[in-house]
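Mind the numbering: the sequence shown is residues 1 to 577 in the UniProt record's numbering, read in order.
Ideal placement from N, C-alpha and C gives every residue a C-beta, glycine not left out.
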Amino acid sequence: MDDPFPRTLGNRAMHSLSLQRHLHDQMQSNSELCDVILVVNQVEIRAHWSVLVMCPYFQSLYDSGLKERMSGKINLLIGKTPAVRVAISFLYTGEAEITYETVKDILEWSEFDLENREAFFPDLFCSLDLQKIPRSVLENEIEGNPLVKKDKRCQVHILNIKMKYITGLIKEDDGVREAILVAGGCSQVMFASIFSILPFRESLAVKSLLGYILAEDRWIELAPLPHQMQQAIMTFCSKKNCLYIFDQGNQSFSSRVFIYKFDLEETKWTSFLLELPENHISGSLHTIVACSGKLFAVISCHIIQKGGQNVQWSTFLMEVKEDGTKSEIKNHLFQRNENTSVVACVMQDRKICILATKVGAIPRRKGKSTKFFVYDAALNRKYEYSRGVNWDNLMFAAGDEIVVTRMGKFSCMKYSMTTRKWRHVKEQFLPFPTQPFESTDFSSISDGSNFYVFGGKGVKSMESVAEAMCYNYAEKKWKKLQELPQPLRQGATCCIQLPSNLAKCHIKCPHCIFFPSRSRAKYDVHYQREEDDDEYDYDDGSGYTFDDDYVSDGLWSDGVPDYLDDDEYDDYENWFI
1 MDDPFPRTLG NRAMHSLSLQ RHLHDQMQSN SELCDVILVV NQVEIRAHWS VLVMCPYFQS
61 LYDSGLKERM SGKINLLIGK TPAVRVAISF LYTGEAEITY ETVKDILEWS EFDLENREAF
121 FPDLFCSLDL QKIPRSVLEN EIEGNPLVKK DKRCQVHILN IKMKYITGLI KEDDGVREAI
181 LVAGGCSQVM FASIFSILPF RESLAVKSLL GYILAEDRWI ELAPLPHQMQ QAIMTFCSKK
241 NCLYIFDQGN QSFSSRVFIY KFDLEETKWT SFLLELPENH ISGSLHTIVA CSGKLFAVIS
301 CHIIQKGGQN VQWSTFLMEV KEDGTKSEIK NHLFQRNENT SVVACVMQDR KICILATKVG
361 AIPRRKGKST KFFVYDAALN RKYEYSRGVN WDNLMFAAGD EIVVTRMGKF SCMKYSMTTR
421 KWRHVKEQFL PFPTQPFEST DFSSISDGSN FYVFGGKGVK SMESVAEAMC YNYAEKKWKK
481 LQELPQPLRQ GATCCIQLPS NLAKCHIKCP HCIFFPSRSR AKYDVHYQRE EDDDEYDYDD
541 GSGYTFDDDY VSDGLWSDGV PDYLDDDEYD DYENWFI
């Protein structure tokens, strides 16, 4: 008897339909068997990657290296929840119920050819919020689009936005972001004060240059510092659009020292010499400040008197020359000793305020001598207002006043630029963020309206932290900000106006995953070499020579893969060579 011929059992169409309905039911019921979550307006919709990749949008997202692909959660910023559910259901069943209210939202999810798109384009375009588009892009790119020029409704929609720009109802994007920079410092290393005496002290520091965008509550990263800086001091000159930084870890120098400069327009690090005037030796740089387009430094040094025998230790305010010439002494401030402490801040980009305690050639065992000076950079004059002032470790501008206090203190000193007098205020101007507040070595800065605290070191754990907080003077409230990309303490801070093209995310951004790549910033820097110290090796012809080591730390990236470093990219014209 012949073998029976093979036969197929079941119904392929019915089985496929049953499987389709089974997967769709899992999606509708938010089953745990789904392997991806879509978040739309804080509403979670569970789905299957195997079904979503039928749509080119989700296919490209799945193939990318974005964090959403790896975490299994996708935040969708377009469309309303009902419309998204209809669109996702269509991928499962091939059917969708279309209502008038959801047509516009579904069009954002659909890719039509030009003939089909043109019929729906006016409604879709007029529903867009063009107020968030820069005026230059609106006029140069969008207004000339053939589909926009063909329909009068689209032209009127653009005209309405342009009129709002003209009348001032919409603030035009000037391409600048208000930000706070945090540079250098120490990361997860304990007992730095003990290790500082060892030859590898610099290995305890970091060379990251982080930026916090105030309006967006997010962190970015700029090109790393020329070398690791454990105790950096930093200032920003808005007129030159340049950043200046100095490593205070090297506290003393003979007669000259290097200052590092970062040009934000050229994205380039350079260095220049700060050189003391003649007969001034053994300098100690307290701080640097930018005011009225010039760079100033508060420096203590020894003065060699006539005959070369008597040496006087004094503190000066000097103007630093970037052309390599000797610094110019603006004012002699006071004589000092080993216990003298100095802080400074800038008011209205015109006046430099300097507060010092325990001044004088001979240290006093009882009592203290505190001095307060105001230098007017426009008039080149120094004024002393020391009467009634007391010392504290924090001095900053708040509104039109200078405040001297410390965190948690139930009193403060305020200096008015109008009355030119000090007054004692019995109030807690700057309370602790938490009770108890167990953090030291944190970085802080004031922008005139808010006081910011970044990082620090736990008192008990002795580990660096990544917390960031802000205190509003008017509301008298603390609020938490997005944490630092890495735990950090003793970082330098300054307020800055950052070009928007430099406001790129850092490599550890919670919303992005970048491929590590080389920095495009240029490095043309010099430094003071020490014997048997080959850690910092610079080649003026080739620029930054150890960026590969920095990339291995997983901190710096410009968002462009290595194989594209020789290409240039235009946001609107795609790739060109």
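Inter-residue CB distance, residue i and residue j (contact presumed, cutoff 8 Å)
i: I354; j: A361; result: 18 Å between Cβ atoms; not a contact.
i: A215; j: A521; result: So it is not a contact: roughly 24 Å between Cβ atoms.
i: S254; j: I281; result: 6 Å
i: G72; j: D35; result: 6 Å
i: T370; j: W391; result: 5 Å
i: K460; j: E438; result: 6 Å
i: R153; j: C126; result: 6 Å
i: I170; j: Q131; result: 6 Å
i: C237; j: G283; result: Contact flag wrong, Cβ pair sits at about 22 Å.
Residues near residue i in its chain [Cβ-Cβ closer than 7 Å; skip 5 each side]
i: D447; result: C495
i: P134; result: D173
i: L17; result: none
i: R256; result: L273, L274, E275, L276
i: V289; result: T235, F296, A344, V346, I352
i: S500; result: G175, V176, R177
i: C291; result: V346, D349, R350, I352, A377
i: D217; result: L481, Q482
i: F442; result: V453, F454, G455, G456, R489
i: V525; result: P226, Y260, W269, T270, S271, Y538
i: L502; result: L222, L264
i: V43; result: T81
i: C55; result: L91
i: S464; result: C186, S187, Q188, G455, K457, P487, L488, R489
Check whether residue i and residue j have beta carbons under 9 Å apart
i: L225; j: K207; result: yes
i: L181; j: L488; result: no
i: H48; j: L76; result: no
i: L481; j: R177; result: no
i: W219; j: L484; result: yes
i: I259; j: V342; result: no
i: H286; j: T325; result: no
i: L430; j: M462; result: no
i: V359; j: N380; result: no
i: M70; j: R46; result: no
i: I37; j: I88; result: no
i: E221; j: C505; result: yes
i: A205; j: G249; result: yes
i: T93; j: R21; result: yes
Cut-off 6 Å between Cβ atoms - residues of its own chain near residue i, not counting five sequence neighbours on either side
i: N331; result: L317, K382
i: M234; result: A183, I245, A492, C494
i: V84; result: V40
i: D263; result: C242
i: L52; result: F58
i: W478; result: P433, M469, Y471
i: Q312; result: I303
i: G388; result: W422
i: V137; result: none
heavy atom of the ligand NAP below 8 Å from residue i C-beta
i: L243; result: Annotation note on the ligand NAP: not contained in the displayed structure, which lists no ligands.
Cβ shell of residue i (< 8 Å), same chain only, five flanking positions each side left out
i: F410; result: K426, E427, Q428
i: Y385; result: F372, F373, V374, Y415, R420, K421, W422
i: D533; result: Unreliable positioning characterises D533 in this predicted model, as indicated by a pLDDT of 42, which lies under 50. The coordinate reading is nonetheless provided below. Nothing meets the Cβ criterion.
Let me know the beta strand (DSSP E) ranges lying completely inside the stretch 380–425, each 3 residues or longer, listed in chain order.
381–384, 394–398, 401–405, 412–416, 422–425
Check whether the stretch 460–477 touches the stretch 155–166, counting contact only when three or more Cβ pairs, one atom from each stretch, lie closer than 8 Å.
no
Below 8 Å, can you find three or more Cβ-Cβ pairs linking the stretch 452–465 to the stretch 388–404?
no
Taking contact to mean 3 or more Cβ pairs, one atom from each stretch, closer than 8 Å, check whether the stretch 298–305 and the stretch 272–290 are in contact.
yes
Counting Cβ pairs closer than 8 Å, one from the stretch 412–431 and one from the stretch 145–159, do we hit at least three?
no
At 4 residues or longer, and completely inside the stretch 22–78: list those alpha helix (DSSP H) runs for me, N to C.
49–52, 56–63, 67–71
Whole runs of the alpha helix (DSSP H) within the stretch 245–323, excluding any shorter than 4 residues
none
Length-filtered (4 minimum) alpha helix (DSSP H) runs lying within the stretch 137–167
146–150, 152–167
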